[in-house]
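Colleague: The structure under discussion is supplied below as structure tokens; questions concerning it will follow.
2 protein chains.
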Amino acid sequence: MARQTRERILGTSLALFNARGEPNVSTNHIADELGISPGNLYYHFRSKDDIVEHLFARYETRLDEALLLPEGRVPDLEDIWLQLHLVFESLREYRFVYRDLVDILARNRKLKLRFARIMVRADASITALLRGLAGAGAIRASADEIRALVENILLIATFWMNFDAVRGGKTHADEVDLNRGIHQVMMLVAPFLRDAERHHLNALAATYLR
Amino acid sequence: MARQTRERILGTSLALFNARGEPNVSTNHIADELGISPGNLYYHFRSKDDIVEHLFARYETRLDEALLLPEGRVPDLEDIWLQLHLVFESLREYRFVYRDLVDILARNRKLKLRFARIMVRADASITALLRGLAGAGAIRASADEIRALVENILLIATFWMNFDAVRGGKTHADEVDLNRGIHQVMMLVAPFLRDAERHHLNALAATYLR
């Protein structure tokens with residue numbers, strides 16, 4: 001029962017943070033939405049930051065799973081697209097982290113360190129993937145180019161939803177267009193492919209815009 | 211004299227917003243910092259939003275100047291680097307806009323529309339530049355590739371400072387490393403260049419990391 005309430009608090013907090021932005025949601029809002037007293041909420045979590053940290057830990061686990069590389073074989077292009085989808089799905093599921101990223105990390109040193117660690121792991125994972133592709137001759141890129149490419153992939157994945165939000169139309173974070181984000185990452189990689197794969201990828205990428 | 215006070219209010223607000231983040235600075239902080247009364251501040255600006263809008267208008271002018279293309283000739287690679295430098299300098303000068311971009315635009319519909327307009331103009335300017343280079347044979351890229359490239363350039367320029375901040379070391383926005391941002395944009399364009407230019411650019415880009 002206590003455990004069920006804990007889960008409900010986390011689930012409702014995630015939904016509210018995603019919909020309104022974490023800085024705009026108080027523990028009172030969360031208790032109200034659940035129809036429980038603030039006292040009951042504080043019995044389970046000692047502060048809003050405590051809730052944020054728990055959600056962040058789940059997000060970290062979710063993202064790590066998405067970043068797993070295939071074992072026992074060299075990754076191919078299909079592996080990249082699968083990984084990209086899983087990563088973007090995780091980002092959307094915990095999008096409150098990204099909407100106010102600078103602010104949230106500036107306020108909480110623990111999360112700042114954790115986020116930096118996540119970036120280091122994502123960097124390592126994408127680098128391994130691209131080096132594998134370069135080693136197999138699927139892409140043609142120098143070590144410097146791979147380094148810069150990895151950094152640009154990280155930047156675009158991290159800020160795609162914010163870019164989509166500030167750019168124009170979108171009023172609700174729910175409408176975030178993940179396919180266009182995935183398309184933009186694909187297009188980063190495309191110019192490093194051999195001509196045949198590049199045309200293939202461009203055709204594939206175009207289907208993401210429909 | 212009134213005009214001078216107005217200028218001092220704008221200058222001090224910009225410095226405080228940049229240093230602490232706009233959501234964390236109140237009109238009282240600004241008045242305090244200037245050693246004037248809140249009443250005096252309100253004589254010049256009716257609210258903090260009013261100050262933010264004035265600064266935003268200046269930023270818009272500044273960025274539009276940075277985005278001007280050379281007249282009467284086809285732009286070359288040197289033009290891109292010059293433009294990149296000027297654009298990144300403008301972003302740094304008004305970095306508070308970017309630090310809390312999603313939040314600021316969500317709170318102020320007028321700024322949201324203005325920012326969308328800025329993006330449309332920047333998009334048009336970069337597209338013209340790249341089409342010019344493609345037309346002159348300096349880069350090899352399809353219309354789709356140019357479209358995606360422009361979008362990635364915009365995203366990276368818009369969120370470079372935030373990426374730099376959340377990624378790791380930086381604790382002060384003042385330390386933002388513009389050269390690395392410029393390097394990352396260069397590396398987006400590099401793979402579309404002919405081999406000779408690509409090697410030249412990679413060598414040039416590497417100097418930005420020293």
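Quick note, the sequences are listed as chains A and B, same order. If you count the first sequence from 1, position 87 lands on 87 in my numbering, and the numbers rise without skipping. The number in my numbering is simply the position in the second sequence, starting from 1, with 210 added. Quick reminder that beta carbons are idealized off the backbone N, C-alpha and C, glycines included. Keep in mind it's a predicted model, so treat the numbers as computed, not measured.
#1: Since L149/A and L129/A should fall inside the 8 Å C-beta cutoff, what is the C-beta to C-beta distance between them, to a whole number of angstroms?
#2: Tell me the residue span of the alpha helix (DSSP H) that contains D260/B.
#3: Quick one: does V150/A have its CB under 8 Å from some CB of chain B?
#4: Report the CB separation of E266/B from V307/B in whole angstroms; it is logged as a contact under 8 Å.
#5: Take the Cβ of R194/A as the centre, count every other Cβ of all protein chains shown within 10 Å, and call the residue buried at 16 or more, exposed below.
#6: Verify whether the separation of the beta carbon atoms of I104/A and L111/A is less than 8 Å.
#7: If you drop the 5 nearest sequence neighbours on each side, which residues of the same chain put their C-beta closer than 8 Å to that of L251/B?
#8: Taking the runs of the alpha helix (DSSP H) that are 4 residues or longer, which of them lie wholly in the region 72 to 134 of chain A?
#9: So is D313/B in contact with chain A if we call contact Cβ pairs under 8 Å?
#10: Determine the DSSP secondary structure at L226/B, reduced to helix, strand or coil.
#11: If you run the structure through DSSP and keep just helix, strand and coil, what is I349/B?
#12: Specify whether the region 343 to 350 of chain B and the region 270 to 289 of chain B touch according to this definition: at least 3 beta carbon pairs, one from each stretch, less than 8 Å apart.
#13: List, in chain order, every chain B residue whose beta-carbon is nearer than 7 Å to that of A206/A.
#14: Quick one: is G168/A near chain B, going by C-beta distance under 8 Å?
#15: Under 8 Å, do I126/A and I153/A count as touching if we go by C-beta distance?
#16: Could you tell me the distance, in whole angstroms, from the CA atom of F159/A to the CA atom of V262/B?
#17: What residues of chain D sit near N318/B, judged by a beta carbon separation below 7 Å?
#18: If you compare alpha carbons, which of T271/B, V312/B and S247/B is closest to D164/A?
#19: Could you give the DSSP three-state label for L34/A: helix, strand or coil?
#20: Residues bridged to L403/B by DSSP?
#21: Between R99/A and chain B, is there a C-beta pair that is closer than 8 Å?
#22: Distance, Cα to Cα, V25/A vs P233/B?
#23: The region 1 to 24 of chain A: which residues have C-beta closer than 8 Å to a C-beta of chain B, in chain order?
#24: Could you confirm whether any beta carbon from chain A is found closer than 8 Å to the beta carbon of T337/B?
#25: Please state if the CB of E93/A and the CB of Q394/B are separated by a distance shorter than 8 Å.
#26: Can you name the residues of chain A whose CB is closer than 7 Å to the CB of F325/B?
#27: What three-state label does DSSP hand P233/B in the structure shown?
#28: Would M186/A be called buried (16 or more neighbouring beta carbons within 10 Å of its own) or exposed?
#29: Counting contacts by CB-CB distance shorter than 8 Å, is N389/B in contact with chain A?
#30: According to DSSP, is M211/B part of a helix, a strand, or is it coil?
#31: Given a threshold of 16 other Cβ atoms within 10 Å of its Cβ, counted over all protein chains shown, does D50/A qualify as buried or as exposed?
#32: Find the nearest neighbour of L388/B within the set V399/B, F402/B, T417/B and A400/B, judged by alpha-carbon distance.
#33: On a CA-only basis, which of G221/B, E299/B, G282/B and A353/B is nearest A425/B? Give me that one, please.
#34: For I366/B, go through chain A and note every residue whose CB falls closer than 7 Å to its CB, in chain order.
#35: Would you say L188/B lies against chain A (beta-carbon separation less than 8 Å)?
#36: For M161/A versus R114/A, is the C-beta spacing smaller than 8 Å?
Modeller: In short, the structure shows the following:
#1: 11 Å between Cβ atoms; not a contact.
#2: K258 to A276 is the span of the alpha helix (DSSP H), which, as asked, contains D260/B.
#3: Not closer than 8 Å to any Cβ of chain B, the Cβ of V150/A fails to qualify, so no.
#4: In the sequence on display, residue 266/B carries Phe and not Glu. The pair is a contact, with the Cβ atoms about 7 Å apart (cut-off 8 Å).
#5: R194/A is exposed by the Cβ-count criterion.
#6: Inclusion of I104/A and L111/A in the CB contact set at 8 Å is warranted, their separation being smaller than that value.
#7: Spatial neighbours of L251/B in its own chain (CB-CB distance under 8 Å, excluding positions within 5 residues in sequence) are listed in chain order as I219, T237, I240, A241 and L244.
#8: Within the region 72 to 134 of chain A, complete alpha helix (DSSP H) segments of at least 4 residues are found at 77 to 93, 96 to 99 and 101 to 107, given in chain order.
#9: Contact of D313/B with chain A is assigned, a C-beta pair being separated by under 8 Å.
#10: DSSP, read as helix, strand or coil, puts L226/B in helix.
#11: It is a strand residue.
#12: The region 343 to 350 of chain B, when compared against the region 270 to 289 of chain B, does touch it at the 8 Å Cβ threshold.
#13: Residues of chain B passing the Cβ test: D354.
#14: Yes, its Cβ sits closer than 8 Å to a Cβ of chain B.
#15: Taking C-beta atoms as the reference points, I126/A and I153/A count as a pair closer than 8 Å.
#16: Distance between the alpha carbons of F159/A and V262/B: 23 Å.
#17: Judged by its chain identifiers, the structure shown contains no chain D, and its protein chains are A and B.
#18: Per the Cα distances, V312/B.
#19: Three-state result, L34/A: helix.
#20: L403/B is bridged to I349/B.
#21: Yes - at least one Cβ of chain B is within 8 Å of the one on R99/A.
#22: One C-alpha to the other measures close to 15 Å.
#23: If the cut-off is 8 Å between Cβ atoms, the region 1 to 24 of chain A has G21 and P23 near chain B.
#24: No, T337/B does not count as interfacial toward chain A.
#25: No, the Cβ-Cβ distance between Q394/B and E93/A is not below 8 Å.
#26: Those within 7 Å of F325/B in chain A are V166.
#27: When DSSP states are grouped into helix, strand and coil, P233/B belongs to the helix group.
#28: Buried, since its Cβ has 16 or more Cβ neighbours within 10 Å.
#29: It does not; no Cβ of chain A falls within 8 Å.
#30: Coil at M211/B, not helix or strand.
#31: Around the beta-carbon of D50/A, fewer than 16 other beta-carbon atoms lie within 10 Å, marking it exposed.
#32: For the residues V399/B, F402/B, T417/B and A400/B, the minimum Cα distance to L388/B belongs to T417/B.
#33: Outside the displayed span of chain B (211 to 420) sits residue 425/B, for which this structure offers no information.
#34: N152 and L155, listed in chain order.
#35: Because chain B spans 211 through 420 in this model, residue 188/B falls outside it and cannot be assessed.
#36: R114/A is positioned such that its CB atom lies no closer than 8 Å to that of M161/A.
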